[in-house]
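Counting from 298, one number per residue, gives the positions in the sequence shown under my numbering. Read through the structure below, which is laid out as structure tokens, and then see the notes.
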Amino acid sequence: MKKKNGNKTRINLLPAADKERFIKNRKKAIILSIIIAYGFFIFLLDFTAYLENSSKRIYISGLNQKLTLMKTKNLLNKSLESAINSRKNLKNTIKKRILIIKNLEKFKVAWNKKIGDMVQASPSGVWMSGLLLQKGVITIEGNSISLNGISIYMDRLKTTNMFKKVILTDAGREIIGGNTFYRFQLKATLTPVIK
298 MKKKNGNKTR INLLPAADKE RFIKNRKKAI ILSIIIAYGF FIFLLDFTAY
348 LENSSKRIYI SGLNQKLTLM KTKNLLNKSL ESAINSRKNL KNTIKKRILI
398 IKNLEKFKVA WNKKIGDMVQ ASPSGVWMSG LLLQKGVITI EGNSISLNGI
448 SIYMDRLKTT NMFKKVILTD AGREIIGGNT FYRFQLKATL TPVIK
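In structure tokens form, the structure reads like this:
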């Protein structure tokens, strides 16, 4: 069979069975190339998805590192704040203790003065042998050569204005080595200090 294509004549020399095989092979090649193209397209999609996931993983990993760093910084800041607060508390505690010590020193000086006043109030022949402070009441134990000395001592203690009242709670006569002494016990209520 002759085909006319312009000036040229072409003669088809292939038999019909070969033509069909050729067409079938051509169809198979086209289908195979479409399948390969589809496979390549799927591969490209998977590869881009992998790259996208990989970049997301890298981005998330970077965010996790930043979050960990922020947590660490936050923990360090809390630790520093805690250390600063504990230092301030320690400083305040030390200041309070220093104030207490100063007050105790003043209190000690005041009590030394009070005890000195109690000793000075005693007339000759009267001396203290014991002193006890309990709930605002001072118990004074002492000895005297005479009962009159005890009375004078009580009057002098009342005039010091340290005590609200002075009471004789016990008195007794003792003879030691031929000498007569009078032991006594006074209870004196302290005058409250008004600030």
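We put the beta carbon where it would ideally sit given N, CA and C, even for glycine. Remember, it's a predicted structure, so these values are computed and weren't measured experimentally.
Using only alpha-carbon positions, find the residue among the options that is nearest to residue i.
i	options	result
Leu483	Glu438, Arg470 and Lys461	Glu438
Thr457	Lys410, Ile328, Gly433 and Ser352	Lys410
Gly422	Leu387, Ile442, Gln431 and Phe338	Ile442
Phe460	Arg470, Met415 and Ala346	Met415
Gly427	Lys321, Phe481 and Ile355	Phe481
Lys462	Asp315, Gly433 and Gly413	Gly433
Ile449	Ile355, Gln417 and Asn476	Gln417
From what residue to what residue does the alpha helix (DSSP H) around residue i run?
i	result
Gly475	Note, Gly475: premise wrong, no alpha helix (DSSP H); not H, not E.
Met451	Leu444 to Thr456
Could you give the first and the last residue of the continuous beta strand (DSSP E) run that contains residue i?
i	result
Thr436	Val434 to Ser441
Met459	Unbroken run through Met459: none, as it is neither H nor E.
Ser426	Val423 to Gln431
Quick test of your reading: residue i and residue j, contact by CB under 8 Å. State the CB separation rounded to the nearest angstrom.
i	j	result
Ala485	Ile435	5 Å
Asn440	Phe478	5 Å
Leu465	Met451	7 Å
Go ahead and label residue i buried or exposed: buried means 16 or more other beta carbons lie within 10 angstroms of its beta carbon, across all protein chains shown.
i	result
Ser419	buried
Ile447	buried
Leu364	exposed
Lys335	The identity of residue 335 in the sequence shown is Tyr, whereas the question assumes Lys. Exposed, because fewer than 16 other Cβ atoms sit within 10 Å of the Cβ of Tyr335.
Leu329	exposed
Leu373	exposed
Lys316	exposed
Met298	Any reading at Met298 is ruled out, since the residue's pLDDT is 48, under 50, leaving its predicted position unreliable.
Pro312	exposed
Asn382	exposed
Leu396	exposed
Leu454	buried
Beta strand (DSSP E) runs contained entirely in the region 301 to 372, provided each spans 3 or more residues
Listed in chain order, the complete beta strand (DSSP E) runs (minimum 3 residues) inside the region 301 to 372 are 305 to 308.
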